[in-house]
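The next block holds one structure in the form of structure tokens; read it before the comments.
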Amino acid sequence: MSAKEIYLVKLITFTTIKEFLRYRKTIDSKKLSLVPTMGNIHEGHKSLIDTAKKESDLVIVSLFVNPIQFTSMDEYKSYPSTLHRDKEILAKQGVDILFCPKKEEIFPKEFNTSIVIDKFISILEGSFRPGHMEGVATIVTKLFNIINPDIAIFGEKDFQQLTLIKSLCKDLNFPIKIISSKTVRDSNGLALSSRNNFLSRDEKFQAHEIYKSLRFGYEQVIKGEKIAKNIVSLIETRLANFELIRVEYVSVRDPNTFEELKIIHEDFIILIAVLVGNIRLIDNIKFAQKV
20 MSAKEIYLVK LITFTTIKEF LRYRKTIDSK KLSLVPTMGN IHEGHKSLID TAKKESDLVI
80 VSLFVNPIQF TSMDEYKSYP STLHRDKEIL AKQGVDILFC PKKEEIFPKE FNTSIVIDKF
140 ISILEGSFRP GHMEGVATIV TKLFNIINPD IAIFGEKDFQ QLTLIKSLCK DLNFPIKIIS
200 SKTVRDSNGL ALSSRNNFLS RDEKFQAHEI YKSLRFGYEQ VIKGEKIAKN IVSLIETRLA
260 NFELIRVEYV SVRDPNTFEE LKIIHEDFII LIAVLVGNIR LIDNIKFAQK V
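With our numbering, letter number 214 in the sequence shown gets 233, and the count goes up by one each step, no holes.
Below you can see the structure in the form of structure tokens.
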């Protein structure tokens, strides 16, 4: 048996809820951490898994491309599917359990429920991607109910999603500890994302300006600029120099409450969404003592 085959044998894989729930009863005494993904595993996911391994006895990764968080069927169908490759990576990374159900298993024809968190559906990602935040809240609720983890790990790159999930746990009394993991970047600062695979060479070159512009705005705050709209304007003006980049939003918010800031006092986060060519990317930079 090859080393690759040995790794794969150790990875327990479930494709149905019924099979998983039967197994879940046998590990009830174990501390279980969940890393939800949509597959196409990269170094950012590996960082989440490493955090999970430090926090629990067993690590479960869910791999499910969630159709209801995409804004169109074309976007959903174009999402890369790399299940065989992902299994190999997850096994080598030391993941204990993989839950990778089919769409019909999670959303059967008679499925009628949606989780809506009013605060998030009409701002930033909710505004530019109608239905996205409800889709995220709904699938996360389903995964929490099915898997019943003690801990769940999410990346900070999608900070609005992270904040929504913390609110979800608080409001619905999920006894789950939410741990955030810092954004993983390439050597030029671009936040790792499955979408980066779709960038042309020229687009990727200009995409590196996203984080550089966030850093520029951050530095202006540290130097003394406290008016949020001025920071937004500085970042937008800087990015206007790059012909392949079109800004959707730049927003300065309190990372603890997610309220939009007019004046920056202490903690702040600058969030951004842009189109690089036709590829949509998000990122943020944060100064926070509490979060």
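Note that CB positions come from ideal geometry on N, CA and C, so glycine has one too.
Measure the C-alpha to C-alpha separation of residue i and residue j and round it to an integer number of angstroms.
i: residue 263; j: residue 143; result: 21 Å
i: residue 6; j: residue 134; result: With the chain covering 20 to 310 only, the question about residue 6 has no answer from this structure.
i: residue 105; j: residue 58; result: 7 Å
i: residue 124; j: residue 90; result: 21 Å
i: residue 245; j: residue 65; result: 36 Å
i: residue 93; j: residue 195; result: 34 Å
i: residue 218; j: residue 300; result: 10 Å
i: residue 146; j: residue 268; result: 10 Å
i: residue 130; j: residue 150; result: 16 Å
i: residue 240; j: residue 249; result: 10 Å
i: residue 63; j: residue 76; result: 21 Å
i: residue 242; j: residue 288; result: 16 Å
i: residue 188; j: residue 201; result: 20 Å
i: residue 128; j: residue 163; result: 21 Å
i: residue 107; j: residue 284; result: 47 Å
i: residue 42; j: residue 116; result: 10 Å
i: residue 181; j: residue 220; result: 30 Å
i: residue 251; j: residue 297; result: 22 Å
i: residue 276; j: residue 141; result: 16 Å
i: residue 48; j: residue 167; result: 12 Å
i: residue 121; j: residue 96; result: 14 Å
i: residue 44; j: residue 70; result: 24 Å
i: residue 46; j: residue 272; result: 41 Å
Which class does residue i belong to by DSSP, given the choice of helix, strand or coil?
i: residue 279; result: strand
i: residue 302; result: strand
i: residue 174; result: strand
i: residue 204; result: strand
i: residue 25; result: Bear in mind that the predicted position of residue 25 carries a pLDDT of just 49, short of 50, making it too unreliable to give a figure here.
i: residue 30; result: coil
i: residue 287; result: strand
i: residue 259; result: coil
i: residue 143; result: coil
i: residue 118; result: strand
i: residue 251; result: helix
i: residue 294; result: strand
i: residue 134; result: coil
Quick one: give me the first and last residue of the alpha helix (DSSP H) that residue i is part of.
i: residue 94; result: 92–96
i: residue 74; result: 62–74
i: residue 232; result: 220–242
i: residue 211; result: Unbroken run through residue 211: none, as it is neither H nor E.
i: residue 109; result: 102–111
i: residue 166; result: 151–166
i: residue 37; result: 36–43
Looking only at its own chain, which residues have a Cβ that is under 7 Å from the Cβ of residue i, when we skip the five neighbours before and after it?
i: residue 85; result: 57, 154, 158
i: residue 183; result: 136, 139, 152, 155, 156
i: residue 72; result: 78, 113
i: residue 208; result: 227, 230, 231
i: residue 261; result: 225, 228
i: residue 148; result: 90
Excluding the 5 residues preceding and the 5 following residue i in the sequence, name in chain order all residues of the same chain whose CB lies nearer than 6 Å to its CB.
i: residue 169; result: 50, 51
i: residue 33; result: 39, 118
i: residue 210; result: 176, 202, 204, 302
i: residue 274; result: 286, 288, 305, 307, 310
i: residue 74; result: 52, 170
i: residue 160; result: 134
i: residue 193; result: 163
Considering just the uninterrupted stretch of the beta strand (DSSP E) at residue i, what are its terminal residues?
i: residue 267; result: 264–272
i: residue 196; result: 196–200
i: residue 80; result: 77–82
i: residue 52; result: 51–56
Looking only at its own chain, which residues have a Cβ that is under 8 Å from the Cβ of residue i, when we skip the five neighbours before and after it?
i: residue 102; result: 58, 82, 119
i: residue 165; result: 36, 39, 40, 118
i: residue 186; result: 136, 138, 139
Is the beta carbon of residue i sitting closer than 8 Å to the one on residue j?
i: residue 199; j: residue 173; result: yes
i: residue 247; j: residue 282; result: yes
i: residue 311; j: residue 232; result: The displayed coordinates of the chain run from 20 to 310. Any statement about residue 311 would go beyond what the structure contains.
i: residue 226; j: residue 197; result: no
i: residue 230; j: residue 204; result: yes
i: residue 279; j: residue 266; result: no
i: residue 213; j: residue 55; result: no
i: residue 109; j: residue 60; result: yes
i: residue 126; j: residue 87; result: yes
i: residue 302; j: residue 176; result: yes
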